[in-house]
Structures are given as structure tokens and as C-alpha cells.
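Peer 1:
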Amino acid sequence: MHLAYPAVLSALLFCTGLYGVLARRNAILVLMSVELMLNAVNLNLVAFDVWLSRAAQETLHSGQALTLFTIAIAAAEIGIGLAIVLAVYRNRGTSDIDKLRDTAEGPETGGPDSSEAEKAEATA
Amino acid sequence: MTTTALAALVPLLPFLGAAAGLLLGRTAPGFVRPLAVLPPLASLVLAALVAVRQGGGQAVDAHTELTPTGSVPIELALHIDGFAALVAILVAFVATCVQIYSTGYLRDDPRYPSYAALVSLFTSAMLLVVYSGDLIVLLVGWEVMGICSYFLVGHYWETPEARAASLKAFLVTKLGDVPFLIGLFALATDAGSFRVTRVLGAVASGDLHHPTLIALLLLAGVAGKSAQFPLHTWLPDAMAGPTPVSALIHAATMVAAGVYFIARLLPVFEASSAAMVVLAVMAAVTMTGSGLAALAQDDIKRVLAYSTIGQLGYMTGALAVGDRGAAVFHLLSHGAFKALLFLAAGVIIHAAGTNSLAAMSRMRGLRDRVPDAYWTMTVALLALAAIPPFSGFFSKESVLGAAEHVVTGSTDHAPGAAGWIVLVAGLFTALLTAAYATRLWLLAFRGRGAEAPDHGRQPLTMTVVLWVLAVPSLAFGGLAYRSLPGWFDGRDLTPTLLTSILSTGLALVGGLLAYGAWQRTSALSARVPAAPAPSFEWERLQGEAAAHPEGDASLVEAHALAGHGPAYRDLVRTADPGRLLLGPLYRPAAAGFHLDAVYAALFVRPVQAAASLVRFLDSAVVDTYVRGAAALPRLLGAAVRRAQTGNVQTYVSALLAGTVVLAVAVVLVAAGA
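Protein chains in written order, with full-length UniProt numbering: chain A, 1 to 124; chain B, 1 to 673.
As C-alpha cells, this is what we get:
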């Protein structure tokens, strides 16, 4: 299989994810878009590992091993992210990113819920 | 143990007692009294032992250098001659008496532990000054005394008078201490050492290049510490402290230090006749001025304070005529009777519930309430007025005799002018001293009017101390004047006939004048019923004092202190023989010749004006630059703050844009290369 197919596919996936992160308002959809971007990178890692290891005599397949790490960490990360979104939703009654603006510069900066907003931002 | 080790223990024991008292005061209150009384007592025993071993012969010298300290070495040195040995006994004796008395006087005081520890520290510092053979070590004791007097004078810090008095005592003595320090450095630079023995050796061999300058600088520090004109103003105000502290400051420590210092370094002063004349003028002004002021004071403790200033004037006068034996003799006898005067005054204030003499003169039978204080105070006042055979007579005669020696030209230690100044002022002061002593006695014990309030019996610790101190006040001078020259320079201290007759006659005249004036004023006030009745304020004060019949003596004193102002205003118009004797001088004398007002105009107000100028420069000029420097960063910060919208997606978009720009740049650079 030519390298171009998985590369193009992963580029498409990445762009879809990027669009989702930048444009969607729902925090869960933003998280899903982040996952799409991660998986695009995973696909790239596997594809290029296979392409590189064709020429080599001995290889550790470090690209594929790294993919496994990324999947494991992404699972943990999405768990925490969803938990935070859930907490924010229970606190605010909304998970709309546009309305979580506690870190904005202004007369009323900081509040009792600013810590959750910061965490949500970190996840996003 | 060697004499050196014993002597080192003398200042060390009260110091350790003070440290232990400060550490244990809160946790183990039972130890506070033993820790207060025993160390000075042990020091007294050791000081007596040191004196016996030294015996007035060859001075005991010991020194050790802990560490090299640069050009002029500073050593831990002892120099114990006859002067040091005897003065140390006086210091330890008075300190022991004061500590014993304080256990009764301040028995209910919540701050007694820290008070007792500070008194011990005070004693230790004075003993260090007395024994030290190194001028810098002496200076350490000198300054420790300054800070101790600050704390002790401010013991009743709840009252504004005590706070002001403690600050004043500290600042005025410091004003003298700065020139004193410079003088010590100049002296050591000329002599090449801080050791007393080397300095005296350098003076003897004529190595001192600027004797007048050094002597005058040192004199400033002595004037501050020994309360000589013009730096004496702190001493009358220091009466805001508890009475035992006044006794300690006036009799043994602090004010004695200055006189003792000159006595120790007298050859340095003798090297400059100008300094001796300045010393004589200072002594004369101090003596006569304080005598006049004492005659017009209403507060019993202020009378005694001015009398201390006057007696210190005698001592500096003796030094001005080059006889340090006479000066230290008067220091010793004065220490005994002045401690007695103050401690007895404390008992009287406790019994009368006031420290105003005018208020006491309206009380009948005060002497029957406090018979111990009455008899011992009589003894002490007779000693103060230098009536033979009390101890004050012999020591004062030795001073006047020394002045007469100089006047008749039989010594070449001092300029003749100094002798005349001291002799004339001394004789005039003898008259004044007798007059104010008589006035004090008559007003306090011969009052007419309502029955004195009954405050119950005085604690035994207080009355016993009075009798213990009465013994040296009565007999020390007569017994000692023959043997003392062996301890001192060997100069004869026997009273000379002419000055004895003159000064005793003048003292009798002064006493009789005061008595006559008292007779007349009391007859007048008895005939004129329009004498102002005790006002409401005064009644309230009496009521308050009577409300604590079993109360702690210091409590009564604090009350009296707080109520003295109004009571004084109301009662100042009552019969006062001082008013009749002084005539138009009465009002300025009562205010200490307005010296405080002069100082306020000359020093306090310019300093305050300068301070407000500095404050203006700081807030209006310096701060403008600071605020201006901050304006630009604040402006830039405001611009950057705009970007913080709080929308995460905006941030990520900016991140993406930045990444793209960087990537394109890298690609372009790579292509270009």
C-alpha cells in the first residue's frame, strides 16, 4: 500500500479534528475532536513506521509501540476530561465553551468556579 | 580563687540572675524573688572580698585578648584600684537593698519578674563599668545602663508621662553618648590603646596631642549620664519610674557612672586646664540651679531628683579641682543617703497616697503612720544638708576643702579659677540644700489638716531596708574619712576648719530661713480661711488611694502619678515656704528654669520641621518618579490584557496561526538555503 493513502487519510482526520476544536461549542464534541486529531497522529505513526522499517534489517517498531502508549494515555485523558465536563455541567448547567469565560480579563475575574473552568480549558 | 576570678564573678552573677529571671519569670514565678535578691547579695559579698584582698594597695590588673580587633586592640581587662573596689561595694549594697525593698514595694505588680531582671542587669552593667580596665568594655556597660534605664523608667508605660520620660532619658543620654564615643576613639588613637592603665601612662608621658578636645568630648557623655547642666533635664522627668528604680539610678548606678568615669581618667582632664574650668562652671551652674529648682518643686520625688543633680554637681566640682578622692568619697556617702531618701519617699508616697508635698502638708499625723520612714528620712535629710556628724557633712567638707586648697594655691592640679567657682557655688548650694531639705521635712511631716489616710503597716522588707541604709548615712563619713585616703590617692579628706564653719553656718542659716518662711506661710494660711479648699479632683484622688488600703505600694504610686497633674494645679496656691524664699524666681524654678521649653524651641521643633520637610520630599518628589516609572509598563499591560477574552477556542486559533506561520517560515528558510 502506498504511503500516500494513510497520509492523506490522517491529514483529513486531523483537519476534521482541528475544525471541531476551533468551531464546535459543545465541550464533549470538542473533546471528541481532540481524539480525532490524536488518532490522525496515531495513524501517521503506524504508517510511517511500516514504511521506514521496510528497508531496515532489524527494527524495534518504535512508532507502533509509541502508538500503543498514545492510545493508553488518550484513554486516561478522555476519562479525566469527561469527568471535568460532567462536573462543570453539574455546576453551571451548561457545557457550552463560549460561556465558560472565567479567565477573561475584566472587573470580575476569578470566582468560586474559576478552577473548574481552568481545568476545562486545560483539557480542551 | 584568685582575686581576678572573684572580681570577674561580681558583674557576672547579677547578669546571670537577670538572664535566668527573664527566662524563668513566666514558667516558675516561685524562683523570681530568690533570683532577684541572691545574685546582688552574692556580688556584695564578693565585692567586699575583692576590696579586702585589694586593700587599697597596688591596683589589681588582669587582661585577656579574646580576638584581634584591628589597629587598636580591645581587651577584656580588669583594673581594680581602691576607687573601683569601694564603688563596687556601694553599687552591690544599694542594688541589694533596692531588690529587697522591691519585693515588698512591687509585690502585686504583674511585671515584677521582668522588672527584677532589668534591675539585676542594670546592676551588672554598672559593676562592669566600675571594674572594667578597658574603655570599650566600659562603654558596653555604659550603654547597657542606658537601655535598662529606658525600660525601668518606662515601667508604668500605661501612663503617658512614663512613656515620655523613658524616651527623654534615653535620647538625652544618647545625645551625650555620641560625642563620648568619638572622644573615646580620639583618646585611644592618641594613646594607642583602650586600656585604662596605658591611657594613663600615655597622659603621664605627655603623648596626648589633643587633650582639650578629648576632655570636652568625654565631658559631653559624662554630662548626659551624670545629669549635669545642660543635659540634666532627663533626671527630674525620670521620676515617672517606680521609686526603687529612682533610688537605684540616683544612688548607685547610671548617674554615678559619669562621675566615676572622670575620677578614673582624671589625669586626661587635668591635662587641659580649659576642660577643668568648663567642668567647674558646669558643676557650679548645676549645683546652684538645681538647688533653686528643688526649692520650688511640689513632687517629693522631683525635689529629691534635683537634690541628686546638685550633689552630683559637688562631685564634678571636686573633680574640677582635681581631687578625685573627695569626689568618690561624696559619691559613696551620697549613694547611701540618697538611696535611703528615695526608699523612704516611696514609703511616704504609699502612706499618703500622693506624691505632692502640698497635699502632704494638708495631712496631720503622717509621721505617726510611717515612723520608720520618718526617722530614717530625718537622718538622710540631715546627711543631705551636711549637718555634722552625719556622713554627708564629711564628704561635702572634703569637696569644699579641696576647692579651698586650690584657691589658696597649695596644689597645682587645677586652675585657681576652677577652685573659686567651685568654692563659691558649693557654699551657696550648702545654703540652698539645707533650705530645701528643711522645706521637704516640714511639708511632709508637719502637715496640718485632715488625718492622714491609714494604709496599714508597711511590709517588713521595706522598713528593714530603711534602717539598714540609715546606718551608713549616719556613721559612714565620720568613721571613714581617716582611713579612706589610704584607698584613694592619699590626699587628706579631713574637714578644714574654715570651710566647715562656713558651710555648716550657711546650712543652719538655710534651714532656719526655710523654717521661718514655713512658720510665716502656715500662720498666714491659718489666718486666711479663703485658702482654696481641696478640690473635687483632689478628693477623688484621695478616695482612690484610700480604696486600696492593703494595695500594693507601686499601685498607689501609679495612681498618684496619674493624678498628680490636677492635684498639683489645685494645691499649688497653698502655703509653700519655697514661694516666700524664692520670690519672683519661684515660677521659673518650679518649671526647671524653662530649660525644656528652650530645648523644645531650639532642637525639638527644628527637628520636627526637618522631618516634615523630608516627608514632603519623599511623598511629593521621590514618589512621583516611582509612579512615573510604573506608568509605561502599566500602559503596555493594559494593551496585552485586551487579548484575554476567556474563550479557549480563540486561544487555540491563535496557537494554530502561530504554528502555521512558523512552519511556513521554516519551509521558506529551508528552501532558500
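C-beta: ideal position from N, C-alpha, C; glycine also.
Report yes if the C-beta distance between Pro485 (chain B) and Leu497 (chain B) is below 8 Å; otherwise report no.
Peer 2: The residue given as residue 485 (chain B) occupies position 485 in the second sequence. The residue given as residue 497 (chain B) occupies position 497 in the second sequence. No. Outside cutoff.
Peer 1: Could you please tell me which residues of the segment 20 to 42 of chain B, in chain order, have their CB closer than 8 Å to any CB of chain A?
Peer 2: Here the close residues number zero.
Peer 1: Rank B:Ala425, B:Ala47, B:Ser612 and B:Ser43 by C-alpha distance to the C-alpha of Thr288 (chain B) and give the top, closest one.
Peer 2: On the second sequence, residue 288 (chain B) is found 288 positions in, with the first residue counted as 1. Nearest option by C-alpha distance: B:Ala425.
Peer 1: Determine which residues of the segment 620 to 647 of chain B have a Cβ less than 7 Å from any Cβ of chain A, and write them out in chain order.
Peer 2: Those would be Arg641, Gln644, Thr645, Gly646 and Asn647, in chain order.
Peer 1: Helix or strand or just coil, what does DSSP make of Asp323 (chain B)?
Peer 2: Locating residue 323 (chain B) in the second sequence gives position 323, where the first residue counts as 1. Looking at Asp323 (chain B) - three-state DSSP - the assignment turns out to be coil, as it is neither helix nor strand.
Peer 1: Kindly provide the ranges of any alpha helix (DSSP H) runs that are 4 or more residues long and lie completely inside the segment 409 to 460 of chain B, ordered along the chain.
Peer 2: If we require 4 residues or more, the alpha helix (DSSP H) runs fully inside the segment 409 to 460 of chain B come out as 416 to 445.
Peer 1: With DSSP as the reference, label Arg195 (chain B) as helix, strand or coil.
Peer 2: Counting from one through the second sequence, the residue named residue 195 (chain B) turns up at place 195. Strand.
Peer 1: Would you check if the distance between the CB atom of Leu128 (chain B) and the CB atom of Leu581 (chain B) is smaller than 8 Å?
Peer 2: One-based indexing of the second sequence puts residue 128 (chain B) at position 128. One-based indexing of the second sequence puts residue 581 (chain B) at position 581. No, Cβ-Cβ distance for Leu128 (chain B) and Leu581 (chain B) is not below 8 Å.
Peer 1: Give a yes or no on whether 8 Å exceeds the smallest Cβ distance from Leu22 (chain A) to chain B.
Peer 2: For this step, residue 22 (chain A) is matched to residue 22 along the first sequence. Judged by the 8 Å Cβ criterion, Leu22 (chain A) is in contact with chain B.
Peer 1: Quick check: what's the CA-CA separation for residue 682 (chain B) versus Ile421 (chain B)?
Peer 2: Limits of chain B in this structure are 1 at one end and 673 at the other, which puts residue 682 (chain B) out of reach.
Peer 1: Assuming Met32 (chain A) and Leu18 (chain A) form a contact by the criterion Cβ under 8 Å, report the distance between their Cβ atoms to the nearest whole angstrom.
Peer 2: Taking the first residue of the first sequence as position 1, residue 32 (chain A) is located at position 32. Taking the first residue of the first sequence as position 1, residue 18 (chain A) is located at position 18. Their Cβ separation, rounded to whole angstroms, is 13 Å, which puts Met32 (chain A) and Leu18 (chain A) out of contact at 8 Å.
Peer 1: Just to confirm, are Ala280 (chain B) and Gly317 (chain B) a CB contact at a threshold of 8 Å?
Peer 2: Against the second sequence, residue 280 (chain B) aligns to sequence position 280. Against the second sequence, residue 317 (chain B) aligns to sequence position 317. Yes.
Peer 1: Taking DSSP as the reference, what is the three-state secondary structure of Gly299 (chain B)?
Peer 2: One-based indexing of the second sequence puts residue 299 (chain B) at position 299. A small fix is needed here, since residue 299 (chain B) is Asp in this sequence, not Gly. In the structure shown, Asp299 (chain B) sits in a strand (DSSP, three-state: E or B).
Peer 1: Quick check on Gln649 (chain B) - is its C-beta less than 8 Å from some C-beta in chain A?
Peer 2: As a position in the second sequence, residue 649 (chain B) is number 649, starting the count at 1. Yes, Gln649 (chain B) counts as interfacial toward chain A.
Peer 1: Which of helix, strand or coil does DSSP assign to Arg364 (chain B)?
Peer 2: To locate residue 364 (chain B), count along the second sequence from 1; it is residue 364. Strand.
Peer 1: How would you label Asp618 (chain B), buried or exposed, when you count the other beta carbons within 10 angstroms and need 16 or more for buried?
Peer 2: Numbered from 1 along the second sequence, position 618 holds the residue referred to as residue 618 (chain B). Under this definition Asp618 (chain B) is an exposed residue.
Peer 1: State the Cα-Cα distance for the pair Gly141 (chain B) and Ala19 (chain B), rounded to the nearest angstrom.
Peer 2: Looking up residue 141 (chain B) in the second sequence gives position 141. Looking up residue 19 (chain B) in the second sequence gives position 19. Straight-line Cα distance between these residues: approximately 16 Å.
Peer 1: Got a sec: is the Cβ-Cβ distance from Asp102 (chain A) to anything in chain B below 8 Å?
Peer 2: Against the first sequence, residue 102 (chain A) aligns to sequence position 102. Answer yes: the Cβ-Cβ gap between Asp102 (chain A) and chain B drops below 8 Å somewhere.
Peer 1: Work out the CA separation of Leu585 (chain B) and Ala517 (chain B) for me, nearest whole Å.
Peer 2: For the purposes of this step, residue 517 (chain B) is identified with residue 517 of the second sequence, where counting begins at 1. For the purposes of this step, residue 585 (chain B) is identified with residue 585 of the second sequence, where counting begins at 1. If I take the Cα positions, the gap works out to 15 Å.
Peer 1: In chain order, what are the residue ranges of uninterrupted alpha helix (DSSP H) at least 4 long that sit wholly in the segment 222 to 263 of chain B?
Peer 2: Listed in chain order, they are 234 to 237 and 243 to 251.
Peer 1: Residues of chain B with a CB under 8 Å from the CB of Asp96 (chain A): which are they?
Peer 2: Position 96 of the first sequence, counted from the start, is the residue given in the question as residue 96 (chain A). Result: empty, since nearest Cβ-Cβ is about 11 Å, beyond 8 Å.
Peer 1: Could you check whether the segment 106 to 126 of chain B touches the segment 161 to 178 of chain B, counting it as contact only if at least three pairs of C-beta atoms, one from each stretch, sit closer than 8 Å?
Peer 2: Too few Cβ pairs lie closer than 8 Å, so no.
Peer 1: Roughly how far, in whole angstroms, is the beta-carbon of Val196 (chain B) from the beta-carbon of Pro267 (chain B), given that I think they are within contact range, below 8 Å?
Peer 2: Numbered from its first residue, the second sequence carries residue 196 (chain B) at position 196. Numbered from its first residue, the second sequence carries residue 267 (chain B) at position 267. With 8 Å as the limit, Val196 (chain B) and Pro267 (chain B) do not qualify as a contact, their Cβ atoms being about 11 Å apart.
Peer 1: Measure from the C-beta of Glu105 (chain A) to each C-beta in chain B and report whether the shortest distance is under 8 Å.
Peer 2: The sequence position of residue 105 (chain A) within the first sequence is 105, counting from 1. Interface residue, yes.
Peer 1: Taking 8 Å as the CB-CB cut-off, is Leu118 (chain B) touching chain A?
Peer 2: Your numbering for residue 118 (chain B) matches position 118 in the second sequence. Cβ-Cβ to chain A under 8 Å: no for Leu118 (chain B).
Peer 1: In this structure, does DSSP put Ile348 (chain B) in helix, strand or coil?
Peer 2: Position 348 of the second sequence, counting from 1, holds the residue named residue 348 (chain B). Note: Ile348 (chain B) maps to helix in three-state DSSP.
Peer 1: CB-CB under 6 Å to Ser395 (chain B), same chain, minus the five flanking residues each way: which ones, in chain order?
Peer 2: In the second sequence, counting from the first residue as 1, residue 395 (chain B) sits at position 395. Excluding sequence neighbours, Ser395 (chain B) sits near Phe329, His330, Ser333 and Gly477.
Peer 1: Mind listing the chain B neighbours of Leu18 (chain A)? Cutoff is C-beta to C-beta under 8 Å, in chain order.
Peer 2: As a working mapping, residue 18 (chain A) is identified with position 18 in the first sequence. Going along chain B in sequence order, the residues near Leu18 (chain A) (Cβ under 8 Å) are Leu656.
Peer 1: Using DSSP with H/G/I as helix, E/B as strand and the rest coil, what is Ile80 (chain B)?
Peer 2: Against the second sequence, residue 80 (chain B) aligns to sequence position 80. It is a strand residue.
Peer 1: Quick check on Ala547 (chain B) - is its C-beta less than 8 Å from some C-beta in chain A?
Peer 2: As a working mapping, residue 547 (chain B) is identified with position 547 in the second sequence. Only weak support exists for where Ala547 (chain B) lies, its pLDDT of 42 falling under 50; the value from the coordinates is given anyway. Taking Cβ atoms only, chain A never reaches closer than 8 Å to Ala547 (chain B), which makes this a no.
Peer 1: In angstroms with no decimal places, state the Cα-to-Cα distance between Leu66 (chain B) and Ala5 (chain B).
Peer 2: Within the second sequence, residue 66 (chain B) is the residue found at index 66, counting from 1. Within the second sequence, residue 5 (chain B) is the residue found at index 5, counting from 1. So the alpha carbons of these two residues sit roughly 16 Å apart.
Peer 1: The alpha helix (DSSP H) spanning Thr64 (chain B) covers which residue range?
Peer 2: Here residue 64 (chain B) is taken as the residue at index 64 of the second sequence, counted from 1. Here Thr64 (chain B) belongs to no alpha helix (DSSP H); instead the beta strand (DSSP E) covers Val60 to Thr64.
Peer 1: Compare the beta carbon distance of Met363 (chain B) and Gly241 (chain B) with 8 Å and say whether it is the shorter of the two.
Peer 2: On the second sequence, residue 363 (chain B) is found 363 positions in, with the first residue counted as 1. On the second sequence, residue 241 (chain B) is found 241 positions in, with the first residue counted as 1. The answer is no: Cβ separation not under 8 Å.
Peer 1: Run down chain A in chain order and give the residues with a C-beta less than 7 Å from the C-beta of Ser653 (chain B).
Peer 2: If you number the second sequence from 1, residue 653 (chain B) lands on position 653. In chain order: Leu22.
Peer 1: Looking only at its own chain, which residues have a Cβ that is under 7 Å from the Cβ of Ile78 (chain A), when we skip the five neighbours before and after it?
Peer 2: If you number the first sequence from 1, residue 78 (chain A) lands on position 78. Same-chain partners within the cutoff: Leu31 and Glu35.
Peer 1: Buried or exposed for Leu571 (chain B), please, with buried defined as at least 16 other CB atoms from any protein chain shown within 10 angstroms of its CB.
Peer 2: Taking the first residue of the second sequence as position 1, residue 571 (chain B) is located at position 571. Low confidence applies here, because Leu571 (chain B) scores a pLDDT of 48, under 50, leaving its location unreliable and the question unanswered by this model.
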